[in-house]
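Asker:
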Amino acid sequence: MKRAIFAVVGHPNKGKSSIVSTLSRNDSIEISTRSGTTSHSGRYRVETAHSGYELVDTPGFQRPRKVLAWLNKNSPGADQRAKTIAEFIEDPQCRQNFPDEVELLSPIVKGAAILYVVDGSRPYDAEYDAEMEILRWTGQPSMALINPIENEKHVDSWSQALAQYFKTVRIFNPMEADFSKQIELLKVFSHLNPNWAATLNALTDDLQQQRLAQKNKAALLLARLVEDLCFYRESQKVLTEQQAKVAQPLLEQKYKAWMVAREEKGIRELMANYAHFQVDFSIDDLSLPPDLFDCDQWYMWGLDKQQLATASAVAGAAAGAAVDLAVAGHSFMLGAIGGGLVGFGSAWFGAGKLVDVKLKGLPLGGFEACYGPVKNKNFPYVVIGRFIHIYNQVSDRNHAKRGRLEVLATDFQQKVMTLEKSSQKALHQACDKLVKQKTVDDLANILLALF
Amino acid sequence: MPPDKNNHNTSNIISWPIVAIGAGIGFVLSWSVLSGDYQGRVNLLYLLLVYLVIPISSLIISLVSLIKGDGINLARLLVALPIWSQQKKSTFRKFHQLSVDKHWFFLQSQAAALAFSVASLFSFFLLLVATDVNFVWRSTLLQSSDLLPVLKVIATPWSFWSEAQPTISLLQATQDSRLVQADMNAAAYAGWWPFIFATQLVYSLLPRSILLIATRGWYLKLIKTDFEQQLQSEINRHSPRAPETFEISPVVHQLPNNQIVVNNWGGLDLNMLSILDELNLSSDNVICAGPNASFAEQTVAERWRGEQLVLVKSWEPPLGELADFLQNSKGYLLPLDWEEQRLISPRESHVQEWQRFAKKLKHWQVYVPEKLSTKN
Chain A
0 MKRAIFAVVG
10 HPNKGKSSIV
20 STLSRNDSIE
30 ISTRSGTTSH
40 SGRYRVETAH
50 SGYELVDTPG
60 FQRPRKVLAW
70 LNKNSPGADQ
80 RAKTIAEFIE
90 DPQCRQNFPD
100 EVELLSPIVK
110 GAAILYVVDG
120 SRPYDAEYDA
130 EMEILRWTGQ
140 PSMALINPIE
150 NEKHVDSWSQ
160 ALAQYFKTVR
170 IFNPMEADFS
180 KQIELLKVFS
190 HLNPNWAATL
200 NALTDDLQQQ
210 RLAQKNKAAL
220 LLARLVEDLC
230 FYRESQKVLT
240 EQQAKVAQPL
250 LEQKYKAWMV
260 AREEKGIREL
270 MANYAHFQVD
280 FSIDDLSLPP
290 DLFDCDQWYM
300 WGLDKQQLAT
310 ASAVAGAAAG
320 AAVDLAVAGH
330 SFMLGAIGGG
340 LVGFGSAWFG
350 AGKLVDVKLK
360 GLPLGGFEAC
370 YGPVKNKNFP
380 YVVIGRFIHI
390 YNQVSDRNHA
400 KRGRLEVLAT
410 DFQQKVMTLE
420 KSSQKALHQA
430 CDKLVKQKTV
440 DDLANILLAL
450 F
Chain D
0 MPPDKNNHNT
10 SNIISWPIVA
20 IGAGIGFVLS
30 WSVLSGDYQG
40 RVNLLYLLLV
50 YLVIPISSLI
60 ISLVSLIKGD
70 GINLARLLVA
80 LPIWSQQKKS
90 TFRKFHQLSV
100 DKHWFFLQSQ
110 AAALAFSVAS
120 LFSFFLLLVA
130 TDVNFVWRST
140 LLQSSDLLPV
150 LKVIATPWSF
160 WSEAQPTISL
170 LQATQDSRLV
180 QADMNAAAYA
190 GWWPFIFATQ
200 LVYSLLPRSI
210 LLIATRGWYL
220 KLIKTDFEQQ
230 LQSEINRHSP
240 RAPETFEISP
250 VVHQLPNNQI
260 VVNNWGGLDL
270 NMLSILDELN
280 LSSDNVICAG
290 PNASFAEQTV
300 AERWRGEQLV
310 LVKSWEPPLG
320 ELADFLQNSK
330 GYLLPLDWEE
340 QRLISPRESH
350 VQEWQRFAKK
360 LKHWQVYVPE
370 KLSTKN
């Protein structure tokens, strides 16, 4: 299959690099409010399992009127325009006087299709005509993208002006365009050059598969995170009981530091899963509760007390039902009823307990002071809730965005309640096992229902 | 990164306690079988059980464990014993999390079996050197002629080693009966040791060594290709972007005089500028250059050598065309923005862009009237 190449061109500072960054899912591309950030063309390959394409981020036009004047002067006729452009980029004098235009026209002359970018929030002006005319001279397949940087006030006038030069005009905001809009744009690309249709169709299929795989990996990351956080304990062997008591505050400090760092690691991996490597992020800056250990604020993130008690009752009843099954019903369902009541009661009355703190004597002498693991039944829900919040932000974040990660609260409790009954039950049973430090097979699949 | 004492690493590849247990069992089992009776007689068939049947059957069990289901093998059974520390349990959980537990357990099985084999051979040689081991065989049902084909099949892999091949004469010479007085040919009784040694070497030591090396490589590859590991490598590969730094020229809010020539580079509607009293916008004081100017207007503007105030659209970044024009002249740049034909304060980021541009020019400054200053 022939590889599709698109040169993203236009006036400086109209969002060319942002478009390249979003479409190539690459947040290392330099984007700045300063013009002229891109002084040389940068080629960015988008590789998928069965396809790929290339985006060329180019410097903006700097002297379009002078270039057009040169072309007019040197072109013998309309049939020789593409050839004149090729001569222009080879001409040593032109290379010296018009380096930006030479740089941006070079990939087009070599066969790249044109993506011309304008700002739809500012009015069209005839000064753009020279640029568009130069691009028309190349004879390459082209389309125009209106990037509404600040608003869409002037989109209509731009559409009319661009239609004079380009067959295809689309509105595309690289900061806001969600995944489906990106796919839609790629499908439009496939119409620009029939030779690229197969490649680009395969690419969109691959990207959709990739998106699904990313979601599965995010669920797996959460499964590992919640398991690690639920199982973790900090311990210290000491000689005397007194030493063990002295070690307790230090253990608590170390335990909390580890838990916070582990959560941050999980979030960073989630970002990396979506190819966000440059996001300015610190767990302290997120609008999460002040810390992972503030039980009073947990109900913002996990389940409320009523929900938690119900969830524990469901998990307890399920465990009890297994006993009923084992005795072939001779227990008259007392296992399920009893398990449910015990689960409900322990969640209701034990909601305030955070972690297990132990001081125990060792068989060979000495003592061991332990801090952790977490015993609170809401804890896994809190971890899951926080992660899901961040997932919602990260998975929809475009790579052109350069601001800090801002996590907005969504209703996790509602999300849990709207799950199918079987998924809810599986989740409650899994969380119940986790606070008892029992591994849960297929935890990632259970959590996937929340994504 | 959390200080991950729970984390797995390559030092966890082999569990030495499991190896020690394997070696211990191998040594004790081999020693007890090879010790024989009070006359030093060792039943060859029992020995084959320890040196051939156990290694082969355990190999099959561990291979089946690896291929099918969660895997029940020696190592996994050992791990289920309540002897492991919290840290070790945590490591086992991590293996499960990474879906390498089966592979890790298989690896431990190979290590334990290899240790079993080495310890067996050690005790075998120790007893060969230190005592007279008399290899005999007894059977109620089997004759030498029945046994020979089986032993020959077993010995096929080392057919090039004639001393280690079973023969009918050796079988007949070493057949034992507890009622019949044995032939006292001591050399014949020792004749089985090369065969025993080769059996252990070929059916235990060699396959376990190969499997250990291969599984180790496989296991390490699985760890390395785990998606979380790859994400970490990606994170480490991307260094954080350095913050932008650039120099800017200061903004002035006063013009030297109100007679300064106005150059309408941006092609603005000059009526909008009427609120700026400090500007002389009479037609004889206005020139025009830039993308919207005619050739004649451009020529006039290029000839002007005095100070000028160049009107530009604040949001349009300065282009090379403007830089070329400003190269041989001097004055001020006035970035303007408007809405509905009414001037508004230009955005600070836009003004900064013009300040940065002016910094690179010798005789130019950015002028923003007090009325339009964003500081107001």
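If you read the protein sequences in the order shown, they are chains A and D. Its first residue numbered 0, the first sequence is counted upward by one per residue in numbering that gives the first Met the number 0. Its first residue numbered 0, the second sequence is counted upward by one per residue in numbering that gives the first Met the number 0. We treat Cβ as the ideally placed atom computed from N, Cα and C, and that holds for glycine. A quick note: this is a predicted structure, and the numbers were derived from the prediction, not measured.
State yes or no: is the beta carbon of GLU301 of chain D nearer than 8 Å to at least one beta carbon in chain A?
Answerer: Not closer than 8 Å to any Cβ of chain A, the Cβ of GLU301 of chain D fails to qualify, so no.
Asker: Inspect the CB distances between the region 361–371 of chain D and the region 250–265 of chain D and report whether three or more fall short of 8 Å.
Answerer: Verdict: yes, contact present.
Asker: Kindly indicate which three-state DSSP category ASN397 of chain A falls into: helix, strand or coil?
Answerer: Reduced to three states, the DSSP call for ASN397 of chain A is coil.
Asker: May I have the straight-line CA-CA distance separating THR239 of chain A from GLN252 of chain A, to the nearest angstrom?
Answerer: Their backbone Cα atoms lie some 21 Å apart in a straight line.
Asker: State the DSSP-derived secondary structure class of ARG64 of chain A, mapped to helix, strand or coil.
Answerer: Reduced to three states, the DSSP call for ARG64 of chain A is helix.
Asker: Can you give the Cα-Cα distance for VAL439 of chain A and TYR390 of chain A, rounded to whole angstroms?
Answerer: Near 22 Å, if we compare the C-alpha coordinates of TYR390 of chain A and VAL439 of chain A.
Asker: If the cut-off is 7 Å on Cβ atoms, which residues from the region 266–279 of chain A count as contacting chain D, listed in chain order?
Answerer: Listed by position along the chain: ARG267, GLU268, ALA271, ASN272, PHE276, GLN277.
Asker: Return the chain-ordered list of same chain residues with a C-beta closer than 6 Å to the C-beta of GLN61 of chain A, the five sequence neighbours on each side being excluded.
Answerer: Counting only Cβ-Cβ distances below 6 Å, and skipping sequence neighbours, we find ASP99.
Asker: With the cut-off set at 8 Å, would you say ALA22 of chain D and VAL117 of chain D are in Cβ contact?
Answerer: Their beta carbons are under 8 Å apart, which means ALA22 of chain D touches VAL117 of chain D by this criterion.
Asker: Go ahead and label ARG396 of chain A buried or exposed: buried means 16 or more other beta carbons lie within 10 angstroms of its beta carbon, across all protein chains shown.
Answerer: Looking at its Cβ environment, which holds 16 or more other Cβ atoms inside 10 Å, ARG396 of chain A is buried.
Asker: Exposed or buried, what is LYS361 of chain D when buried is set at 16 or more other beta-carbons lying within 10 Å of its beta-carbon?
Answerer: So LYS361 of chain D ends up on the exposed side.
Asker: Please state whether DSSP places ILE167 of chain D in a helix, a strand or coil.
Answerer: Of the three classes helix, strand and coil, the one that applies to ILE167 of chain D here is helix, per DSSP.
Asker: Here's the rule I'm using: 16 or more other beta-carbon atoms within 10 Å means buried, otherwise exposed. How should TRP15 of chain D be labelled?
Answerer: So TRP15 of chain D counts as exposed.
Asker: In whole angstroms, what is the alpha-carbon distance linking PHE366 of chain A and ALA243 of chain A?
Answerer: Each residue's Cα considered, the two are about 7 Å apart.
Asker: So, with DSSP's three-state summary, where would you put PRO193 of chain D?
Answerer: Residue state, collapsed to three classes: helix.
Asker: Are GLN455 of chain A and CYS229 of chain A close, meaning C-beta to C-beta below 8 Å?
Answerer: Here chain A covers residues 0 to 450 and nothing more, so residue 455 of chain A does not appear.
Asker: For TRP83 of chain D, which residues does DSSP report across the bridge?
Answerer: Paired residues: none, contrary to the question.
Asker: Mind listing the chain D neighbours of PHE385 of chain A? Cutoff is C-beta to C-beta under 9 Å, in chain order.
Answerer: One detail in the question is off: residue 385 of chain A reads as Arg in this sequence, not Phe. Within 9 Å Cβ-Cβ: nothing; ARG385 of chain A doesn't reach chain D, min ~16 Å.
Asker: Here's the rule I'm using: 16 or more other beta-carbon atoms within 10 Å means buried, otherwise exposed. How should LEU140 of chain D be labelled?
Answerer: So LEU140 of chain D ends up on the exposed side.
Asker: Assign PHE104 of chain D to buried or exposed, taking buried as 16 or more other Cβ atoms, counted over all protein chains shown, within 10 Å of its Cβ.
Answerer: PHE104 of chain D should be labelled buried.
Asker: In the region 25–37 of chain D, which residues sit with their C-beta less than 8 Å from some C-beta in chain A, listed in chain order?
Answerer: So nothing in the stretch comes that close.
Asker: Can you tell which of A:ARG232, A:ASN215, A:ARG267, A:ASN272 has the C-alpha that lies nearest to the C-alpha of ALA448 of chain A?
Answerer: Out of A:ARG232, A:ASN215, A:ARG267, A:ASN272, A:ASN215 has the C-alpha closest to the C-alpha of ALA448 of chain A.
Asker: Let me check understanding here. Comparing Cα to Cα, which of D:ARG355, D:LEU28, D:VAL52, D:TRP192 lies closest to VAL128 of chain D?
Answerer: It is D:TRP192 whose Cα lies nearest to the Cα of VAL128 of chain D.
Asker: Leaving out five residues on either side along the sequence, give the residues of the same chain with a beta carbon under 6 Å from the beta carbon of LYS4 of chain D.
Answerer: Reliability fails at LYS4 of chain D, whose pLDDT of 46 lies under 50, so the model's placement of it is uncertain and no value is given.
Asker: Would you please verify whether the beta carbon of LEU230 of chain D is less than 8 Å from any beta carbon of chain A?
Answerer: Output row for LEU230 of chain D: interface = yes.
Asker: Just list the alpha helix (DSSP H) runs in the region 190–259 of chain A, keeping only unbroken ones of 4 residues or longer that don't cross its boundaries, in chain order.
Answerer: Qualifying alpha helix (DSSP H) stretches, in chain order: 196–230.
Asker: Is the separation between the beta-carbon of ILE234 of chain D and that of ARG121 of chain A shorter than 8 Å?
Answerer: Going by C-beta atoms, ILE234 of chain D is not nearer than 8 Å to ARG121 of chain A.
Asker: Could you tell me the alpha carbon to alpha carbon distance between PRO289 of chain A and HIS398 of chain A, rounded to whole angstroms?
Answerer: Note that PRO289 of chain A scores 41 on pLDDT, short of 50, meaning its location in the model is unreliable and no value can be drawn from it.
Asker: ASN444 of chain A touches chain D at which residues, Cβ-Cβ below 8 Å?
Answerer: The premise fails here: ASN444 of chain A is roughly 13 Å from chain D at the closest Cβ pair, so nothing lies under 8 Å.
Asker: Report the three-state DSSP secondary structure of ALA19 of chain D (helix, strand or coil).
Answerer: Looking at ALA19 of chain D - three-state DSSP - the assignment turns out to be helix.
Asker: What residues in its chain sit with their C-beta under 7 Å from that of ILE24 of chain D, if we drop five residues either side in the sequence?
Answerer: Counting only Cβ-Cβ distances below 7 Å, and skipping sequence neighbours, we find PHE115.
Asker: Alpha carbon to alpha carbon, how far is ASN6 of chain D from LEU433 of chain A?
Answerer: With a pLDDT of only 49 at ASN6 of chain D, under the threshold of 50, the placement of this residue in the model should not be trusted; the figure read from the coordinates follows. So the alpha carbons of these two residues sit roughly 19 Å apart.
Asker: Whole angstroms are fine: how far does the CA of ALA111 of chain A sit from the CA of ILE18 of chain A?
Answerer: C-alpha separation (whole angstroms): 16 Å.
Asker: Where does the unbroken alpha helix (DSSP H) through ASN96 of chain A begin, and where does it stop?
Answerer: That run of the alpha helix (DSSP H) goes 91–96.
Asker: Looking at C-beta atoms only, is the number of pairs between the region 212–230 of chain D and the region 331–342 of chain D that lie closer than 8 Å three or more?
Answerer: No contact exists between the region 212–230 of chain D and the region 331–342 of chain D.
Asker: For HIS349 of chain D, is the classification buried or exposed, using 16 other Cβ atoms within 10 angstroms of its Cβ as the cut-off for buried?
Answerer: The residue is buried, with at least 16 neighbouring Cβ atoms inside 10 Å.
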